[in-house]
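Engineer: First the structure, then my questions, so here it is.
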Amino acid sequence: MATSSLSAAQRSKIRRLAVPKEQSPEDAGGELNIIPFLDIIVNILIFVLATVAITFTATIETTPPSAGGKGPRIVSESKSLNLTLFITNDGISIKAAGGSIAPGCDGIGPGITIPAKGRDADGQPVLDYVAVTKCAKKLKDSSPDFKDETQIRMTASNNISYRKLIDTIDAVRATEDGQELFQDVLFAVPR
Amino acid sequence: MTPPAAAQQKKPGVAQYKAELRKAIRRNATDPEIDFLNITAMLDMMTIILVFLLKNMASTSASIPQSKDLTLPASILQSEPHQEGVAIIVTKSQILVGDNPNPVVVLPSRESLAQSGLDAIYKKSGINDLHIVPLAESLLHVREMDKRIRIAKGLDPSSSEAIVIVDETTPYRLLIEVLYTLGASSFGKYHLMVMSTKKQPHER
């Protein structure tokens, strides 16, 4: 055997030198070690995602408010409904071109069209938005002339909160089954 | 033994030793074992996502800080929010214009606002007036800047747009006063900001 001609010291040295060296991951490519940096970034990412409450917002387009019935209303050539909603502490009063809508949304007559269902903890009226939507739909469907009318004027008592106003705008915007009613809102100054 | 003869005998010994060493190294050589998970590529991706998210959130309306002082009303509206315009923020306690952190008006109590809006000291001609003077003064400067921006962008400079961010408890009277003052300050179009939800009418 060829090995037998080597001395014991040489064989020992061969065994020692032949053992493969273990490479650490850092030595593998000889690159900059950015893993700790990336670990920090991942932690920040998770923190940001967990803490930031993503809110989806939308905007309602409108123009400057009008006072005393004057305003930027677009007058259509055909017969128009010219709806005006007045949110009061007693409920919602709806006024059309022909006059005030009677309670129950049934014909012309005096009184609050859709009375409030009570008062909430903040002293604001509890409004019947389902009835508002039904009434707006009924009025819009009452004549084919009103089919293309999308404008509605809105006003409220001084103390009515912005939330009630937005909820009322939503109620007249469309029906639950998606039929578009009055999408364009104009604000008016209460007299 | 003569020295050249000894050298002749030693030379094959060294060559043999080197050959044996090479053989042993080859024999023991193994492919480097990957005993750690390489997540660098994934982390690179995460970094890109983080930068994208931070940049995106900073420029969108999602960055509007909602707190006890400012809560947006919920709406079924699902349209994209309008981003162009001067931000007018009406919180429970103050009115802010644009990026200026100093309040234009510090608001009194809700009860007082619900009765007749802001105090007469803020109005041009008494408590019944809708024109808020400090707000109008602040808007004057903002309008000038916005006018120049609109000219540079090739937009119509005759009127500006405002993004109106109002707390949900704000009384209608104050809202109208703010909108009226905006109108008087050559702001012709408003975007009232709301929070998009999928609520139904009976849930309001």
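Here the protein sequences line up with chains V and Y, keeping their order.
Quick note on numbering: the first sequence equals residues 1 to 191 in this note's numbering.
Quick note on numbering: the second sequence equals residues 1001 to 1204 in this note's numbering.
Cβ coordinates follow ideal geometry from the N, Cα and C atoms, glycine included.
1) If you compare alpha carbons, which of V:I101, V:D141 and V:L165 is closest to Y129 of chain V?
2) Can you list, in chain order, the residues of its chain with a C-beta nearer than 6 Å to that of L1139 of chain Y? Leave out the 5 residues immediately preceding and following it.
3) What is the DSSP secondary structure of G109 of chain V, reduced to helix, strand or coil?
4) When DSSP labels each residue in this structure, what does V1104 of chain Y get in the three-state scheme?
5) Just mark E180 of chain V as buried or exposed, buried being the case when its beta carbon has 16 or more other beta carbons within 10 Å.
6) Counting only beta-carbon atoms, is I92 of chain V nearer than 8 Å to chain Y?
7) With a threshold of 16 other CB atoms inside 10 Å of the CB of V1014 of chain Y, please say whether the residue is buried or exposed.
8) So S1079 of chain Y and A136 of chain V are supposed to be a Cβ contact under 8 Å. How far apart are they, rounded?
9) Could you have a look at E77 of chain V and say whether DSSP puts it in helix, strand or coil?
10) For G109 of chain V and G99 of chain V, I'd like the C-alpha separation in whole angstroms.
11) Hey, is the region 1014-1027 of chain Y in contact with the region 167-176 of chain V, meaning 3+ C-beta pairs nearer than 8 Å?
12) Along the beta strand (DSSP E) that carries L1096 of chain Y, what are the first and last residues, could you check?
13) Quick one: does M1145 of chain Y have its CB under 8 Å from some CB of chain V?
14) I'd like the span of the alpha helix (DSSP H) that includes H1141 of chain Y, first residue to last.
15) Taking one C-beta from the region 1045-1052 of chain Y and one from the region 1141-1154 of chain Y each time, how about it: are there three or more such pairs within less than 8 Å?
16) Helix, strand or coil for P144 of chain V? Go by DSSP, reduced to three states.
17) Can you confirm whether L165 of chain V, when its beta carbon is compared against all beta carbons of chain Y, has any partner nearer than 8 Å?
18) Going by DSSP in three states, S161 of chain V sits in which element: helix, strand or coil?
Structural biologist: On the basis of the supplied data:
1) Numbered from 1 along the first sequence, position 129 holds the residue referred to as residue 129 of chain V. The shortest Cα separation from Y129 of chain V among V:I101, V:D141 and V:L165 belongs to V:L165.
2) Translated into positions along the second sequence, residue 1139 of chain Y becomes position 139. Correct list, in chain order: S1185.
3) As a working mapping, residue 109 of chain V is identified with position 109 in the first sequence. Three-state result, G109 of chain V: coil.
4) The residue labelled residue 1104 of chain Y in the question sits at position 104 within the second sequence. DSSP places V1104 of chain Y in coil when its eight states are reduced to three.
5) Working through the first sequence from its first residue, we reach residue 180 of chain V at position 180. Burial call: exposed.
6) As a first step, residue 92 of chain V is located in the first sequence; it is residue number 92 there, counting from the start. False, the Cβ-Cβ gap to chain Y never drops below 8 Å.
7) Residue mapping note: residue 1014 of chain Y aligns to position 14 of the second sequence, counting from 1. Under this definition V1014 of chain Y is an exposed residue.
8) Counting from 1 along the second sequence, the entry for residue 1079 of chain Y is found at position 79. Counting from 1 along the first sequence, the entry for residue 136 of chain V is found at position 136. Their Cβ separation, rounded to whole angstroms, is 20 Å, which puts S1079 of chain Y and A136 of chain V out of contact at 8 Å.
9) Here residue 77 of chain V refers to the residue found at position 77 when the first sequence is read from its first residue. With a pLDDT of only 47 at E77 of chain V, under 50, the local geometry of the prediction cannot be trusted, and the value read off the model is given with reservation. Coil at E77 of chain V, not helix or strand.
10) In the first sequence, the residue the question calls residue 109 of chain V occupies position 109. In the first sequence, the residue the question calls residue 99 of chain V occupies position 99. G109 of chain V and G99 of chain V: Cα-Cα distance of roughly 7 Å.
11) no
12) For this step, residue 1096 of chain Y is matched to residue 96 along the second sequence. Note, L1096 of chain Y: beta strand (DSSP E), Q1094 to V1097.
13) Walking along the second sequence from the start, residue 1145 of chain Y turns up at place 145. No, no contact with chain V.
14) The count along the second sequence starts at 1 and reaches residue 1141 of chain Y at position 141. It spans V1133 to K1153 - the alpha helix (DSSP H) in which H1141 of chain Y sits, taken as one unbroken run.
15) no
16) Within the first sequence, residue 144 of chain V is the residue found at index 144, counting from 1. Three-state result, P144 of chain V: helix.
17) The residue labelled residue 165 of chain V in the question sits at position 165 within the first sequence. L165 of chain V counts as touching chain Y.
18) Position 161 of the first sequence holds residue 161 of chain V. Correct three-state label for S161 of chain V: strand.
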